[in-house]
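Participant: Numbering (this note's numbering), first residue to last: 13 to 189.
By construction, the Cβ of each residue, glycine as well, lies at the ideal position given by its N, Cα and C atoms.
Remember, it's a predicted structure, so these values are computed and weren't measured experimentally.
Take this structure first; my questions come after.
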């Protein structure tokens with residue numbers, strides 16, 4: 013299944029000495045999208061301060077910004093070991109999503125000092141392997157996310173009920189949320 017393939021593909025992120033790559037970050041982004049139901053652009057524009065304290069035990073807010081509406085969106089997510097008093101009841105997702113986001117932020121941190129000013133505050137930084145930008149620090153885009161998703165589908169031979177390659181994007185994942 014798609015969910016199992018993405019979870020398997022994202023596991024190397026938790027290994028020591030991992031280097032953030034386009035594919036690894038794209039798979040992590042897909043997991044976040046799957047569990048939060050947020051739109052593509054706000055997820056791509058996440059900043060390192062996107063996880064905020066929540067008054068409920070073991071929960072954090074994922075804060076993403078909606079540029080078109082000039083507003084923010086909050087998703088409550090269970091965290092690991094953050095004890096606070098429960099004040100409100102909000103929907104939450106698995107603690108592993110907050111842990112995943114924290115791990116991405118941690119792994120990407122060394123690249124921030126080299127990143128161009130325009131993307132320095134992005135969660136999704138990696139060193140490019142593309143011939144036109146080889147070695148430069150870049151951030152995930154809609155196109156790089158699309159390519160990584162297509163490669164994941166091909167690698168795991170993910171097909172729909174008619175045997176055709178599975179069509180997956182964040183908009184389609186939102187409908188399952």
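#1: When DSSP labels each residue in this structure, what does residue 74 get in the three-state scheme?
#2: Between the C-alpha atoms of residue 149 and residue 56, what's the straight-line distance to the nearest angstrom?
#3: If the criterion is Cβ atoms closer than 7 Å, does the pair residue 59 and residue 133 meet it?
#4: Buried or exposed for residue 48, please, with buried defined as at least 16 other CB atoms from any protein chain shown within 10 angstroms of its CB.
#5: Please state the DSSP three-state secondary structure of residue 177.
#6: At a cut of 8 Å, does the region 30-40 reach the region 108-124 through at least three beta carbon pairs?
#7: With distances taken from CA atoms, which of 65, 76 and 120 is nearest residue 26?
#8: Going by other Cβ atoms of all chains shown within 10 Å of its Cβ, with 16 needed for buried, is residue 166 buried or exposed?
#9: Taking all protein chains shown into account, do 16 or more other C-beta atoms lie within 10 angstroms of the C-beta of residue 176, making it buried, or fewer, making it exposed?
#10: Just to confirm, are residue 164 and residue 171 a CB contact at a threshold of 7 Å?
#11: Which residues does DSSP pair with residue 149 in a beta bridge?
#12: Around the C-beta of residue 29, are 16 or more other C-beta atoms found within 10 angstroms, so that it is buried, or is it exposed?
#13: Residue 46 and residue 62 look like a contact to me (Cβ under 8 Å); what is the Cβ gap, rounded to whole Å?
#14: I'd like to confirm the pairing. Which residues does DSSP put opposite residue 65 in its beta bridges?
#15: With H, G and I counted as helix, E and B as strand and the rest as coil, what does DSSP make of residue 171?
#16: Among the residues of its own chain, which have a CB less than 7 Å from the CB of residue 168, if the five just before and after it don't count?
#17: Between residue 109 and residue 42, what straight-line distance do the alpha-carbon atoms span, to the nearest angstrom?
#18: What is the DSSP secondary structure of residue 129, counted as helix, strand or coil?
#19: What is the rounded straight-line gap between the Cα of residue 33 and the Cα of residue 127?
Facilitator: According to the data block:
#1: In the three-state DSSP reduction, residue 74 falls in the strand class (E or B).
#2: 15 Å
#3: yes
#4: buried
#5: strand
#6: yes
#7: 120
#8: exposed
#9: Answer is exposed; the Cβ neighbour count stays below 16.
#10: no
#11: 139
#12: exposed
#13: About 17 Å separates the two Cβ atoms, so there is no contact after all.
#14: 72
#15: Of the three classes helix, strand and coil, the one that applies to residue 171 here is strand, per DSSP.
#16: 17
#17: 11 Å
#18: Coil.
#19: Using only the alpha carbons, I get a separation of about 15 Å.
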